[in-house]
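Q: According to our numbering, the sequence shown is numbered sequentially starting from 8.
Positions of the beta carbon are idealized from the N, C-alpha and C atoms, including for glycine.
Quantities reported herein were computed from a predicted structural model and do not represent experimental measurements.
Encoded as structure tokens, here's the structure I'll be asking about.
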Amino acid sequence: MLICIDDIKDQGLSIEFEEKPEEFPILEDITHTAECVFHLPLKFKVRAIRIKEMVKIEGRLETKIRLTCSRCLEPFESPLVTNFVLTYAQELPETAKMSGGGGIELSAEEAGLIIFAGREIDLKEALQEQVVMSIPMRPLCAETCKGLCSRCGANLNDGDCGCRQSSFNIKFAALKDLKLNQKE
Ligand SMILES: [Zn+2]
Ligand SMILES: [Zn+2]
């Protein structure tokens, strides 16, 4: 996951590579908690362009994951695809450095820059962050997932458990009684 900046020619540098999730400590942790299991290696396509002292990386990640639906609690498989842009800077550009007396000083992070030293850029940490951010927080097996019955816990995607029907009947019966009593 290293890019040597001298390899980035005028037309840019395009590379593709695959990484195992175990290569990334945070992803390995996530896999252990079974929150998200990677079914395929992480496939990255990146294009690096040099802009003066900066290197702009346009990337795409593709993989396949298994998640647990936050409504019905069933596991499901889902493709994970995300596009991202990273900007690496060898040092802070003058514009960001210019603070003057009591002016606003932008840190590299605030300016959206990732600082690197030397002739190589290690993409690992930033790529890990992109993968983590692309994992949905409240995954749904389907937008239309009906979830679980709050009474009996049945998965409502498998059909109606009958609870809602019967609670409706009880309420309806009670209402009918009330009206009948009022008439008297
Ligand atoms: Zn679901
Ligand atoms: Zn039920």
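Looking only at C-alpha atoms, which of Pro32, Thr40 and Ala55 sits nearest to Ile23?
A: With the sequence shown as reference, residue 23 is identified as Glu, and Ile is not the correct amino acid for it. Among Pro32, Thr40 and Ala55, the Cα nearest to that of Glu23 is on Ala55.
Q: Given this structure, state the Cα-to-Cα distance separating Thr40 from Cys156, to the nearest angstrom.
A: Going by the C-alpha atoms only, they are around 26 Å apart.
Q: Can you tell me where the beta strand (DSSP E) with Ser114 in it begins and where it stops?
A: Note, Ser114: premise wrong, no beta strand (DSSP E); not H, not E.
Q: Would you check if the distance between the CB atom of Thr38 and the CB atom of Pro28 is smaller than 8 Å?
A: Yes, the pair counts as a contact, with Cβ atoms nearer than the cut-off.
Q: Identify, in the order they occur along the chain, each residue of the same chain with its Cβ nearer than 8 Å to the Cβ of Val139, setting aside the five sequence neighbours on each side.
A: Around Val139: Ile33, Leu34 and Ile37.
Q: Which partner residues does Arg78 have in the DSSP bridge list?
A: Answer is none; Arg78 lacks a bridge partner.
Q: Which whole-angstrom value is the C-beta distance of Phe91 and Gly66, which I expect to be below 8 Å?
A: The pair is a contact, with the Cβ atoms about 5 Å apart (cut-off 8 Å).
Q: In its own chain, which residues sit with a C-beta less than 6 Å from the C-beta of Lys71, not counting the 5 before and 5 after it?
A: If we look at Lys71 and ignore the five residues flanking it on each side, its Cβ neighbours are His46, Leu47 and Pro86.
Q: Just to confirm the assignment, what range does the alpha helix (DSSP H) spanning Ile37 have?
A: Segment Pro32 to His39, the alpha helix (DSSP H) holding Ile37.
Q: Suppose the cutoff is 6 Å on Cβ atoms and the five residues either side in sequence are ignored; what does the same chain contact list for Thr239 look like?
A: The first residue shown for the chain is 8 and the last is 191, placing residue 239 beyond what the model contains.
Q: Only counting the same chain, and skipping five residues up and downstream in sequence, which positions put a Cβ closer than 7 Å to that of Arg158?
A: The answer, listed in chain order, is Cys170.
Q: Quick one: Cα of Arg57 to Cα of Cys76, how far?
A: Distance between the alpha carbons of Arg57 and Cys76 is about 42 Å.
Q: Could you tell me the alpha carbon to alpha carbon distance between Asp129 and Lys50, rounded to whole angstroms?
A: So the two alpha carbons sit approximately 17 Å from each other.
Q: Is Ser106 buried or exposed, if buried means 16 or more other CB atoms sit within 10 Å of its CB?
A: Its pLDDT being 49, under 50, Ser106 is placed unreliably in this model, and the value from its coordinates should be taken loosely. Exposed, because fewer than 16 other Cβ atoms sit within 10 Å of the Cβ of Ser106.
Q: Hey, would you say Gly154 sits closer than 8 Å to Arg73, going by beta carbons?
A: In this structure, Arg73 does not lie closer than 8 Å to Gly154 by Cβ.
Q: Just the C-alpha distance for Ile15 and Asp167, rounded to the nearest angstrom, thanks.
A: Between Ile15 and Asp167, the C-alpha separation is close to 59 Å.
Q: Could you give the DSSP three-state label for Glu132: helix, strand or coil?
A: In this structure, Glu132 counts as helix in the three-state DSSP scheme.
Q: Tell me which same chain residues have a C-beta within less than 6 Å of the C-beta of Cys43, skipping the five on either side of it?
A: Ile37, Ile72, Leu74 and Ile142, listed in sequence order.
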